[in-house]
Amino acid sequence: MRVSQLLLPTVKEDPAGAEAVSHKLMVRAGLVRQLAAGIYVFLPAGWRVMQKIEQIIREEMDAIGCQEMLMPVMQPAEIWQESGRWDAIGEEMFRLKDRKRAEMVLAMTHEEVVTWLAAREVHSYKQLPQLWYHFQTKERDEARPKSGILRTREFIMKDSYSLDVSEEALQESYRLHIGAYDRIYRRCGLEFMMVEGDSGMMGGAISHEYMAFAEAGEDEIVFCRECAYASNVETAVAGADPEPPASELTPRGADDAPFAKASGALVDLFAEAELDTPDCKTIQQVADYLGLPARAFVKALVVVPEGGGEAGAGGPAASSGPVTSSGPVMVLVRGDHELNELKLERALGAGFRMATPDEVLEAQGVEPGFVGPVPTPLPVYADESLRRGHYVAGANRPGFHRSGVTLEQVPQATFADLRDARPGDPCAQCPGELEGARVIEVGNIFQLGLKYSVPMGATFLDEDGKEKPIVMGSYGIGLARIAAAAVEQHHDDNGIVWPASIAPFHVHLILVRASDDTQRALAEELYASLGAEGFEVVFDDREMSPGIKFKDADLLGCPAQVVVGKRAGEGVVELKERGSGERRDVPVAELAAALTDLLARA
RNA sequence: CGGGGUGUGGCUCAGCUUGGUAGAGCGCUCGGUUCGGGACCGAGAGGUCGGCGGUUCAAAUCCGCCCACCCCGACCA
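Residue numbers for the first sequence follow our numbering, beginning at 1343 and rising by one.
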């Protein structure tokens, strides 16, 4: 490809509002352009990267016997009504009507179509297992698209689906995918980790997420180097808190008790007393006001259980748990801890929402901000970390908190792991300590089980002639996220440094002086010969000053740059490795070999 | 959905507070000089200032409504 003909609109300045490095660089390098919020055009070079990624995925999926096909984006509402997701999914799904006023959806994912297909075409255990996949655009009306290409409303995904005769058989399909995914991400040059996703609990569906390390990522994981436990923080199990409650840090009555009130008076955590805390509605405010650490508090939240928990598109339904009453419930976590939504759902056995201020007032007799468990008429769920210690909690009286609160004063409390795990927590499975990392979710794998096959009637006859539901799995990979994650992980001040496997081109051939006949002749010759030898070459044949060409080449980030310049007459060119910046003169005769060698290392 | 911000040539932005001739840099076109790290000189093209309405002799500027985009939040009482 000649740069003089290529649509490669590089720009010097960062796009307005861009924050993520990958966003800035992909726009600057002329790979993508934004059409609307979360909707992007892939320009030629950007699309080449996507196709490279797609091909790698294709090869690895084919290698495990997965069959490529293509399923439609626009789908009739009926199949979504059958699966139950027509109602379960809210505004995130694009819906429209056709000219006959029939309800249609723009698909977010393809479980329904797969199950529909399976229901009509798969009838016997002899046909199973089946592994199907396709690359297709997904439409999701994200509440908040962000970070360039990382979170968009329209994106291309490889999604595959497994159909099996049993749970045991599903494990094999799952295992095959794990192998394929490991190879895919490794080939794409990503540093990644497979972590536990939503579930891992008994009865819940099993799922894992593939996470690429990147500060721009929206997800957070914790992992243990000792035992290889790794999980999304959303689902991570935390070991017991290594630090004792705040009330045990300093002996009662010690002179150096650190808990001095702003006014100078000391707060005795052990003493049952009401504390005047005007306008202190958040833990942070009370903590600052009283001069206590956040961990000395109990955070009391009032929630209203409702419905089943739907974890989101493609996700399995929340596991069913104990039946609970339908009224509001009080949830307690320590002041410095974060309530974990999924864990609470599991404990409640239902989804929930935060109570409105009015509901809080009605249930507890006080406005949010001063709610506490002593006393409360509500059922109480408390995080394990509150089993011991004395705390400050809301006094159930506007403007007041109370000290000396222990969970022994809350006999109805049910204890459970309800908080987010965080780095520094002990590993729940070994003596190790959890580390944390920010990541981009580049793929996931789910054991769906019977979630779709039962409601949609996808069954087969087993060896005994008995009708059974097909056991399914689904497996996704976001192509653009791989590209963005690769840029996040591989770049420098001058631009992108693509892994050779997904670079838009292998070689960036630069003609320094387009007006120099010798240089031009050699460059043209190399462009032709390297192409013939199977290298993918972008040839910058433009009549521009060399500086611009060098800058563009670094920005675009192809692994090798071949510069045809001063020594063209001697048959010598300069070879630069984009990653290391190393450059050396190479006789034309040795160029192909040198390139092969360089690309093998990139 | 709540809060904040921004919409001005293709891009990045100034001008708006205090109404009165629409600007800069980059990019683009033409001519010339340059030519190994985003060159220089000269001459040009290009904007109903997001939209609609209002105030005013006069609106990019003030007021209202709407739209789009960006950021924060939407569990952290």
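Ideal Cβ positions, reconstructed from N, Cα and C, are used throughout, including at glycine.
Keep in mind it's a predicted model, so treat the numbers as computed, not measured.
For residue i, count neighbouring C-beta atoms within 10 Å of its own C-beta (all shown protein chains included) and say buried if the count is 16 or more, exposed if not.
i: residue 1942; result: exposed
i: residue 1554; result: buried
i: residue 1727; result: buried
i: residue 1361; result: exposed
i: residue 1468; result: exposed
i: residue 1939; result: exposed
i: residue 1531; result: buried
i: residue 1479; result: exposed
i: residue 1736; result: buried
i: residue 1440; result: exposed
i: residue 1612; result: exposed
i: residue 1715; result: buried
i: residue 1789; result: buried
i: residue 1545; result: Only weak support exists for where residue 1545 lies, its pLDDT of 44 falling under 50; the value from the coordinates is given anyway. Its Cβ having fewer than 16 others within 10 Å, residue 1545 is exposed.
i: residue 1559; result: buried
i: residue 1793; result: buried
i: residue 1494; result: buried
i: residue 1624; result: exposed
i: residue 1782; result: buried
i: residue 1416; result: exposed
i: residue 1519; result: buried
Checking the sheet assignment: what are the DSSP bridge partners for residue i?
i: residue 1458; result: Answer by DSSP bridge pairing: none, since residue 1458 is not bridged.
i: residue 1566; result: 1776
i: residue 1814; result: 1505 and 1791
i: residue 1952; result: Only positions 1343 to 1944 of the chain appear in the structure, and residue 1952 is not among them; the question remains open.
i: residue 1384; result: 1374
i: residue 1307; result: Since the first residue of the chain shown is 1343 and the last is 1944, residue 1307 is not available in this structure.
i: residue 1757; result: 1724
i: residue 1645; result: 1671 and 1696
i: residue 1809; result: 1803
Please list, in chain order, all residues of the same chain as residue i whose beta carbon is under 6 angstroms from its beta carbon, the five residues on each side excluded.
i: residue 1388; result: 1373 and 1374
i: residue 1350; result: 1372 and 1387
i: residue 1845; result: 1900 and 1901
i: residue 1889; result: none
i: residue 1883; result: 1344, 1346 and 1853
i: residue 1616; result: 1737, 1742 and 1744
Cα separation between residue i and residue j?
i: residue 1908; j: residue 1870; result: 20 angstroms
i: residue 1343; j: residue 1879; result: 6 angstroms
i: residue 1689; j: residue 1485; result: 28 angstroms
i: residue 1721; j: residue 1709; result: 18 angstroms
i: residue 1455; j: residue 1500; result: 15 angstroms
i: residue 1490; j: residue 1434; result: 19 angstroms
i: residue 1809; j: residue 1431; result: 30 angstroms
i: residue 1745; j: residue 1770; result: 31 angstroms
i: residue 1356; j: residue 1365; result: 9 angstroms
i: residue 1854; j: residue 1346; result: 14 angstroms
i: residue 1843; j: residue 1944; result: 8 angstroms
i: residue 1547; j: residue 1505; result: 16 angstroms
i: residue 1476; j: residue 1820; result: 12 angstroms
i: residue 1786; j: residue 1693; result: 23 angstroms
i: residue 1391; j: residue 1881; result: 17 angstroms
i: residue 1916; j: residue 1839; result: 19 angstroms
i: residue 1384; j: residue 1395; result: 14 angstroms
i: residue 1529; j: residue 1398; result: 7 angstroms
i: residue 1403; j: residue 1866; result: 39 angstroms
i: residue 1507; j: residue 1470; result: 7 angstroms
i: residue 1539; j: residue 1764; result: 16 angstroms
i: residue 1914; j: residue 1401; result: 38 angstroms
i: residue 1492; j: residue 1551; result: 16 angstroms
i: residue 1687; j: residue 1815; result: 23 angstroms
Looking only at its own chain, which residues have a Cβ that is under 8 angstroms from the Cβ of residue i, when we skip the five neighbours before and after it?
i: residue 1437; result: 1419, 1445, 1446, 1447 and 1448
i: residue 1618; result: 1741 and 1742
i: residue 1429; result: 1423
i: residue 1911; result: 1860
i: residue 1798; result: 1421, 1424, 1425, 1454, 1457, 1458 and 1461
Beta-carbon within less than 7 angstroms of residue i's beta-carbon, same chain only, minus the 5 sequence neighbours each way: which residues are those?
i: residue 1352; result: 1370, 1371, 1372, 1894 and 1897
i: residue 2013; result: The requested residue 2013 does not occur in the structure, where the chain is confined to residues 1343 to 1944.
Taking the runs of the beta strand (DSSP E) that are 3 residues or longer, which of them lie wholly in the segment 1400 to 1454?
Segments of the beta strand (DSSP E) lying fully in the segment 1400 to 1454: 1416 to 1418, 1436 to 1439 and 1445 to 1448.
Ordered list of alpha helix (DSSP H) runs contained in the segment 1864 to 1923, each at least 4 residues
1888 to 1898
Sequence ranges, beta strand (DSSP E) only - wholly within the segment 1827 to 1862, length at least 3
1849 to 1853
Ranges of the beta strand (DSSP E) found wholly within the segment 1481 to 1546, counting only runs of at least 3
Whole beta strand (DSSP E) segments, 3+ residues: 1496 to 1506 and 1534 to 1538.
Runs of 4 residues minimum, wholly inside the segment 1658 to 1746: which ones carry the alpha helix (DSSP H) assignment?
Runs of the alpha helix (DSSP H) spanning 4 or more residues and lying entirely within the segment 1658 to 1746 occur at 1683 to 1690 and 1699 to 1706, in chain order.
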